[in-house]
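Enquirer: Residue numbering for the sequence shown follows this note's numbering, beginning at 621 and increasing consecutively.
Can you read through this structure? Questions will come right after.
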Amino acid sequence: MLDYFIRLHRLYRLPVTQAVVLLTPPAEGTPIETAFVAASTRHEYRIIPMWEQDPAFFLQDPALLPLAPLAAASNPEQLLAEIAQQVDRIESSQQQREVSAYVQLLAGLRFKKKVIRQLFRERTMRESVIYQDILQEGRQEGRQEGRQEGRQEEALTLILRQLSRRIQSTIPDEVQAQVRALSLIQLEDLGEALLDFNHLDDLHQWLQTLPRNLLA
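Dropping the structure here:
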């Protein structure tokens, strides 16, 4: 902090106010330092503990929404639901997707994944190109054939194609067999999860979360 202060002061010759934003509370018994002290040198800076901030301030600006899940709240899950509603009100689709991703990322510091998915899963799925393709193809096939098998086959084809693109590698036959054994709902879940995949190991780890009888 002192190093940055000196650099900014030398460059601009203007007053510099520094602040450290703490996203989560420290472990019990861990002191929060508010100054750098070395010999006769003492440099102070402001501490902003997110867990003590009023969430109303962050709810007013889409750019600040990602920090809102970490703000003070007597009912954290209710706050997260309100944040999700605020994200839905963003008019720009691109900005809405970006803000939603950042909100979920920081919300992971406070909430369990299950809670975040419950509130944002439907929104994420609606924005997923893969999911939209699955729904469109499934509806067309359903109208023509009236069978769930048509939807599942279309979903499977799209999922495998997108997996190959995401991991930039050929999917081994045994792994493809595990994917083909998934139900339509599980394929839709995979369609959402693969947006975060970068390697084949990511797919392996996701499959390991499924019931063991599907991995035989």
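Glycine included, every Cβ here is placed at the ideal spot set by N, Cα and C.
Computed from a prediction, not measured in an experiment: that's the story for all the values here.
1) Measure the alpha-carbon distance for ALA690 versus ASP793 and round it to whole angstroms.
2) Compute the Euclidean distance between the alpha carbons of VAL799 and LEU776, then round it to the nearest angstrom.
3) How many angstroms separate the CA atom of ASP809 from the CA atom of GLN673?
4) Determine which residues share a DSSP beta bridge with PRO686 and list them.
5) Could you check whether ALA683 and LEU739 sit closer than 8 angstroms to each other, using their CB atoms as the reference points?
6) Where GLN680 and GLN724 are concerned, what is the direct C-alpha to C-alpha distance, given to the nearest angstrom?
7) For THR777, which of helix, strand or coil comes out of DSSP?
8) Smallest Cα separation from LEU820: which of LEU642, GLN806, ARG786, MET670?
9) Helix, strand or coil, according to DSSP, for LEU802 in the structure here?
10) Please say whether VAL657 and LEU700 have beta carbons closer to each other than 8 angstroms?
11) Can you list, in chain order, the residues of its chain with a C-beta nearer than 8 angstroms to that of ILE791? Leave out the 5 residues immediately preceding and following it.
12) If you draw a straight line from the C-alpha of GLU711 to the C-alpha of HIS663, how long is it?
13) Using a threshold of 8 angstroms, state whether the C-beta atoms of ILE667 and THR650 are closer than that.
14) What's the gap between the Cα of LEU729 and the Cα of LEU687?
15) CA-CA distance, GLY766 and GLU774?
Expert: Inspection of the coordinates gives the following:
1) The sequence shown places Leu at residue 690, rather than the Ala named in the question. So the alpha carbons of these two residues sit roughly 43 angstroms apart.
2) 8 angstroms
3) 35 angstroms
4) The partner list for PRO686 (beta bridge, DSSP) is empty, contrary to what the question assumes.
5) no
6) 18 angstroms
7) helix
8) ARG786
9) coil
10) no
11) LEU780, LEU783, SER784, VAL799, LEU820, LEU823
12) 44 angstroms
13) no
14) 11 angstroms
15) Model confidence at GLY766 stands at a pLDDT of 47, short of 50, so the residue's coordinates are unreliable; what they give is reported in the following sentence. Using only the alpha carbons, I get a separation of about 14 angstroms.
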